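In the working numbering, the protein residues as written are 1 to 178.
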């Protein structure tokens with residue numbers, strides 16, 4: 001089948017049958033559109049400029065946002081908050097003064113605070129476990145030793161930590177059941 005310009009619109013399908021596309025007549029208003037200044041094909045240049053401008057601004061804003069997000073994720077933030085350090089300082093001073101039970105309370109209070117880095121958490125857990133060991137409470141000491149080991153497996157104190165864990169496990173296995 002041929003349209004008014006002489007172009008065939010017939011297509012052959014996979015089964016070998018010829019298929020014809022319908023040919024639509026030209027729009028009656030096509031001549032009128034050219035006289036009113038509206039474009040026949042596509043969109044107006046003013047609209048194109050507006051869309052391109054808004055697209056450029058959007059890409060720029062997303063670029064700035066992405067840069068700030070990446071910068072925040074990659075920058076090392078504060079490990080702990082200042083108020084968290086106050087609790088830790090009090091715990092260390094109590095420990096130095098020989099007040100182990102009060103120091104333990106402060107260390108435990110510090111460990112539940114948010115925003116503590118893994119290394120700091122591991123060190124404080126290790127110190128808490130040593131205090132429990134000093135107070136002859138291996139069961140509680142093991143809890144903190146294991147927390148320290150999980151939080152920072154390659155800690156500089158890892159060898160000492162392992163020996164304390166082995167010591168406590170041996171003591172707990174040798175003690176008679178209650």
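Glycine included, each C-beta is placed from N, C-alpha and C at the ideal position.
Values in this document were obtained by computation on a predicted structure and should not be read as measured data.
C-alpha distance - residue i paired with residue j, whole-angstrom precision
i: residue 173; j: residue 149; result: 21 Å
i: residue 151; j: residue 157; result: 13 Å
i: residue 162; j: residue 139; result: 15 Å
i: residue 66; j: residue 147; result: 36 Å
i: residue 69; j: residue 55; result: 21 Å
i: residue 169; j: residue 133; result: 12 Å
i: residue 59; j: residue 27; result: 39 Å
i: residue 159; j: residue 71; result: 36 Å
i: residue 63; j: residue 52; result: 16 Å
i: residue 45; j: residue 61; result: 24 Å
Under 8 Å between C-beta atoms of residue i and residue j
i: residue 113; j: residue 87; result: yes
i: residue 203; j: residue 128; result: Look at the range of the chain in this structure, 1 to 178, and you will see that residue 203 is not part of it.
i: residue 84; j: residue 126; result: no
i: residue 116; j: residue 145; result: no
i: residue 131; j: residue 95; result: yes
Reduced DSSP secondary structure (H/G/I, E/B, other) of residue i
i: residue 134; result: helix
i: residue 165; result: helix
i: residue 125; result: helix
i: residue 158; result: helix
i: residue 45; result: helix
i: residue 64; result: helix
i: residue 73; result: helix
i: residue 103; result: helix
i: residue 50; result: helix
i: residue 90; result: helix
i: residue 110; result: helix
i: residue 146; result: helix
i: residue 56; result: helix
i: residue 115; result: coil
i: residue 195; result: This structure cannot speak to residue 195, because the chain is shown only from 1 to 178.
i: residue 141; result: helix
i: residue 151; result: helix
Cβ separation of residue i and residue j, assumed to be a contact under 8 Å, to the nearest whole Å
i: residue 107; j: residue 91; result: 5 Å
Minimum Cβ-Cβ distance from residue i to chain D less than 8 Å
i: residue 93; result: Among the chains in the structure shown there is no chain D, since it carries only a single protein chain.
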